[in-house]
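Okay, so here's the structure we're looking at.
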Amino acid sequence: MAIDALDQEILFQLRQDGRLSNVELAARVGLTPAPCLRRVKRLEADGVIAGYRARIDPAAAGRAFEVMVSAEVSINDRETVEEFEAALTSYDEVLECHRLFGRPDYLIRVAVQDQTAFENFLTGKLMSLNAVARVDSHLIMKKLKTDD
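Just so we're aligned, residue 1 is where the sequence shown starts under full-length UniProt numbering, counting upward by one.
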């Protein structure tokens, strides 16, 4: 599917505010409502727009303590890796998890209430997984740009 400049502008506007009405979106991108809605529906049907969600303020939700954790696994058979990944993705504290090429094996973004909650997550959940060989934690000082 080809995405033209109007589709790009629709996507930009929806990233800024996913709750825009079709009438407001159409006005912002310079279309009338009917063709704008057709484009949005096509972008949804083609999987370009995968869904809509609420952006949550971490501090207001009691999860302002964010840490980037790198993890290396010592056991690389398929079953162990799948179990490790299933465990990671099931944890509420994990906001993002990426498997990487090279070292480290995984980069994990964790959000919890405070340092004690992070220590509990790290020692009680992450480090208790069989595959874990090493973890390194990096406290986030300041967010410069984020897509969420």
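All C-beta atoms in this analysis are idealised placements derived from N, C-alpha and C, irrespective of residue type, glycine included.
Query                                                                                                                                                            : Result
Nearest-angstrom Cα distance between Ala-27 and Ser-21?                                                                                                          : 10 Å
Do you know whose CA, among Lys-142, Ala-86 and Arg-15, lies nearest Arg-55's CA?                                                                                : Arg-15
First and last residue of the alpha helix (DSSP H) that includes Glu-93?                                                                                         : From DSSP, Glu-93 is part of no alpha helix (DSSP H); its letter is neither H nor E.
Looking only at its chain, what residues have a beta carbon closer than 7 Å to the beta carbon of Thr-80, apart from the 5 residues adjacent to it on each side? : Asn-130 and Ala-131
Select from Ala-64, Glu-24 and Glu-44 the residue whose C-alpha is nearest the C-alpha of Leu-139.                                                               : Ala-64
Can you tell me the Cα-Cα spacing of Val-112 and Glu-96, whole angstroms?                                                                                        : 13 Å
Which residues does DSSP pair with residue 152 in a beta bridge?                                                                                                 : With the chain covering 1 to 148 only, the question about residue 152 has no answer from this structure.
For Arg-39, is the classification buried or exposed, using 16 other Cβ atoms within 10 angstroms of its Cβ as the cut-off for buried?                            : buried
Please go through the region 31–63 and give each complete alpha helix (DSSP H) segment of 4 or more residues, from N-terminal end onward.                        : 33–45
When burial is assigned at 16 or more other CB atoms within 10 Å of the CB, is Val-29 buried or exposed?                                                         : buried
Residues in its own chain within less than 8 Å of Ile-10 by CB, not counting five upstream and five downstream?                                                  : Leu-25, Val-29, Cys-36, Arg-39, Val-40 and Leu-43
Within its chain, find whatever has a CB closer than 6 Å to the CB of Asp-114; leave out the 5 residues flanking it on each side and keep chain order.           : Phe-65
Going by the CB atoms, is the gap between Ala-71 and Tyr-106 shorter than 7 Å?                                                                                   : yes
Hey, quick one: how far does the alpha helix (DSSP H) through Arg-28 stretch, first residue to last?                                                             : 22–29
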